[in-house]
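Comments concern the structure below.
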Amino acid sequence: AGTTAVTATVPLAELFGYASRLRGRTQGRGTFTARPTGYAPVPEAAYRQALAG
14 AGTTAVTATV PLAELFGYAS RLRGRTQGRG TFTARPTGYA PVPEAAYRQA
64 LAG
């Protein structure tokens with residue numbers, strides 16, 4: 014099997030638990046690196062959901 018590299022910009026909140034899901038889907042071989050790229054306004058719906066808990 015070859016190697017696949019994926020580059021993406023995602024909200025930090027979406028990365029919680031990602032390492033475990035990745036390892037589970039790759040028989041423990043998958044790895045990832047995250048680095049901050051900046052800040053952006055939160056969409057109104059996500060803001061309200063975060064406040065609601």
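Using our numbering, you'd call the opening residue of the sequence shown number 14 and step up by one each time. Ideal placement from N, C-alpha and C gives every residue a C-beta, glycine not left out.
Using 8 angstroms as the Cβ pair cut-off and three pairs as the minimum, do the region 48 to 58 and the region 29 to 37 touch?
no
Considering only C-alpha positions, which residue in the set 43, 65 and 60 is nearest to residue 24?
Looking at 43, 65 and 60, the one whose alpha-carbon comes closest to that of residue 24 is 60.
What residue range is occupied by the uninterrupted alpha helix (DSSP H) comprising residue 42?
Unbroken run through residue 42: none, as it is neither H nor E.
I'd like to know whether the C-beta atoms of residue 47 and residue 64 end up nearer to each other than 8 angstroms.
no
Measuring CA to CA, which of 62, 66 and 49 is closest to residue 22?
49
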